[in-house]
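All remarks here apply to the structure that follows.
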Amino acid sequence: MQRGEGLEHSNLLIRLYAEHAPEKLLPFLRKIDSYDIHRAIEICKRFKLQPELVFLLGRSGNKVAALETIVEQMNRVDLAIDFCAEHMDDDLWSRLIELAMNKPEHVTAILTVAGTYLEHMLIR
2 MQRGEGLEHS NLLIRLYAEH APEKLLPFLR KIDSYDIHRA IEICKRFKLQ PELVFLLGRS
62 GNKVAALETI VEQMNRVDLA IDFCAEHMDD DLWSRLIELA MNKPEHVTAI LTVAGTYLEH
122 MLIR
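Using our numbering, the first residue of the sequence shown is number 2, and each one after it goes up by one.
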């Protein structure tokens with residue numbers, strides 16, 4: 002196998018999973034890292050595969066975009082809270098609060114569930 006050949010096969014497999022077996026894509030993405038992450042992100046956007054997109058955005062370091070996808074496209078504040086807690090990032094919590102301001106049900110969920118996570122931000 003020549004250098005880069007595995008990468009092309011992985012990229013092709015990502016597209017095929019997205020088209021024909023999307024339920025297999027996220028486990029595949031979690032298991033390997035020999036693919037073009039930017040191409041994978043574009044494929045997930047094209048096929049509207051949001052959990053996979055969130056994973057890839059997080060892996061690529063774009064955690065804010067991942068959080069925005071969870072809240073704005075998936076409308077899952079529970080996952081957003083888990084995401085912020087997992088990454089222990091004050092900026093993510095701040096962004097989540099900004100995103101929630103337009104949706105009272107999101108504010109309620111954040112205040113109910115995330116209070117323990119946000120406590121350390123208030124102490125500063």
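Just so you know, even glycine gets a beta-carbon here, dropped at the ideal spot from N, CA and C.
- Taken atom to atom, the span from the alpha-carbon of ASP34 to that of SER61 is near 11 Å.
- Here LEU8 is exposed: its Cβ has fewer than 16 other Cβ atoms, across all protein chains shown, within 10 Å.
- Annotation for PRO23: no alpha helix (DSSP H) segment contains it, and DSSP assigns it neither H nor E.
- In the three-state scheme derived from DSSP, where H, G and I count as helix and E and B as strand, SER61 is classed as coil.
- When C-alpha distances from GLU73 are compared across PRO52, ASP90 and ALA86, the shortest belongs to PRO52.
- The three-state reading of DSSP puts ILE33 in coil, since its state is none of H, G, I, E or B.
- C-alpha of GLU106 to C-alpha of HIS88: approximately 23 Å in a straight line.
- If you draw a 10 Å sphere on the C-beta of THR70, you find 16 or more other C-beta atoms in it, and that means buried.
- When the Cα atoms are used, ILE111 and LEU57 turn out to be separated by approximately 24 Å.
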